[in-house]
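Residues in the sequence shown are numbered from 0 upward in steps of one, following numbering that gives the first Met the number 0.
A virtual CB, placed ideally from N, CA and C, is assigned to each residue, including glycine.
The next block holds one structure in the form of structure tokens; read it before the comments.
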Amino acid sequence: MKNLFQNIATPFYYYDMDLMQRTFYNAISEAEKYNYQIHYALKANTNERVLQTALEYGFGADCVSGNEVIKAVESGFNPKKIVFAGVGKTDEEIEYALQKNIFSFNVESLEELEVIGEIAKKNQIIANIALRINPGVDAHTHKYLTTGIVENKFGIDRSDILKSIKIIFNNKFLNFNGLHFHIGSQITSLEPFIELCKIVNEIQDELNLKNIFPENINLGGGFGINYENPDKELIPDFKTFFSTINKFLKIRNNQKIHFELGRSLVAQSGTLVSKVLYVKKGQQKDFVILDAGMTDLIRPALYGSVHKIENYSSQSRNTFALAKYDVVGPVCESSDRFAEQLRLPETHRGDLIFIRSTGAYGQIMSSNYNLRKNAPAVYSDELIQKSRLAV
Ligand code: LLP
């Protein structure tokens, strides 16, 4: 493997396409047992290779901006499998999605519902509406990654469901096609999902009493991954996830259940590969200064998230000495730090450092702050092919 990476300029995102395919296959096989539909959440990673792989396995697309809808359509996703959420859809975004006849607008407020109604009428096209309901479930994840509790900007309050459905029924250009929920991201316990299922059951009981039968229930995404020890769980346990949903969610006749998975599908396939520029001896601690920074991977700076960091070059050395380092980037911000007082094999200038589990919300959240270039993608299958040609 070492030779494979030797001549590539760092930093770059390395994608293990074999692992990605196995992950997609596993997810889709487990979901198909219950006839569940997965929509790949584009926000996690919109690289063309990733989208093409998602398409190959029959995923739909979950979008949160007009440009994501355009990207999904242009990449070949069937509009009948595209869902579009987001609290601030613009008129232009709504019009485009409407003209493409997407599967559903996941509507986040009564105000948005009125606007979609007007635009649909103006265009004389029927808009499919799923109401995003805020279920009041605490996802017990990072405060920036929770979306289903009452204070959030996301979703319609439970007490406004009937009012919203009435608006839909009163406009012949709006078609009620179901309910949507999303409680947050990087949820590592099944409890919040079980709680969500119970609330969805309650809501459905109330609606059924009024002769309202949502055709589709979309439970969103959020299934978490193992950042601390990725090798222990390279493929998330989709089997337990879907079987738990199946156990707790009361599915009504002819009802289709949808999911919008992002992180769990792509995170473990990505590694940010970086080179050590300097090992700086400080007064109280030593710093490993990388050529990758928060402009390449903002998660640690933004959420304090922990990614496993490995010194790849040390594997081929015969020294087993460990040392403690702060692992930092070159950007002029103190928060440009990947790890604090991390124990690593003794590290030297030029060593290759792997920052693991970065296939989701890594490359896509890059910026050009400090006028830095964005780290490009390198795909395992293309790399292997290239190295064969070079022999
Ligand atoms: N559906 C909706 C409506 C969402 O807002 C999200 C994520 C997903 C699905 C996909 O969730 P996933 O399966 O990937 O957890 N930048 C953050 C994550 C933000 C997630 C935003 N919404 C991070 O780096 O952890």
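- Using a Cβ-Cβ distance cut-off of 8 Å, the stretch 10-29 and the stretch 367-384 are in contact, since at least three pairs of beta carbons, one from each stretch, lie closer than that value.
- The stretch 24-32 makes no contact with the stretch 311-319; the number of CB pairs closer than 8 Å stays below 3.
- The secondary-structure analysis by DSSP pairs His257 across a beta bridge with Gln36 and Asn217.
- Lys79 sits close to Asn100, with the two beta carbons spaced by under 9 Å.
- For Asp61, the distance from the CB to the nearest heavy atom of ligand 1 is below 8 Å.
- Exclusion of the five residues before and after Pro213 leaves Gly177 and Leu178 as the residues of its chain whose Cβ lies within less than 6 Å of its Cβ.
- Contact between the stretch 269-278 and the stretch 190-209 is absent: fewer than three C-beta pairs spanning the two stretches fall below 8 Å.
- According to DSSP, residue pairing for Lys120 in a beta bridge does not occur.
- Within the same chain, Leu321 and Lys323 come within 7 Å of Arg342 by CB-CB distance, once the 5 residues on both sides are set aside.
- Inclusion of Arg262 in the 8 Å shell around ligand 1 follows from its C-beta lying nearer than that to a non-hydrogen atom of the ligand.
- Within 8 Å of the C-beta of Ala96 there is not a single heavy atom belonging to ligand 1.
- At least one heavy atom of ligand 1 is found less than 8 Å from the C-beta of Leu301.
- Within the stretch 283-329, complete beta strand (DSSP E) segments of at least 3 residues are found at 285-289, 308-310 and 321-327, given in chain order.
- Not one heavy atom of ligand 1 falls within 8 Å of the beta-carbon of Tyr368.
- At least one heavy atom of ligand 1 lies less than 8 Å from the C-beta of Lys42.
- Listed in chain order, the non-local C-beta contacts of Val265 below 7 Å within the same chain comprise Met19, Ala43, Asn44, Val49, Gly358 and Ala359, local neighbours out to five positions each way being set aside.
- Residue environment analysis places Phe168 among the exposed positions, since fewer than 16 neighbouring C-beta atoms fall within 10 angstroms of its C-beta.
- Here DSSP, grouped into helix, strand and coil, assigns Ile202 to helix.
- Rounded to the nearest whole angstrom, the CA to CA distance from Glu107 to His257 is 17 Å.
- The closest CA to that of Leu206, considering only Ile160, Val305 and Thr346, is found on Ile160.
- Boundaries of the beta strand (DSSP E) around Phe337: Arg336 to Pro344.
- In the DSSP assignment, Val136 falls outside any beta strand (DSSP E), carrying neither H nor E.
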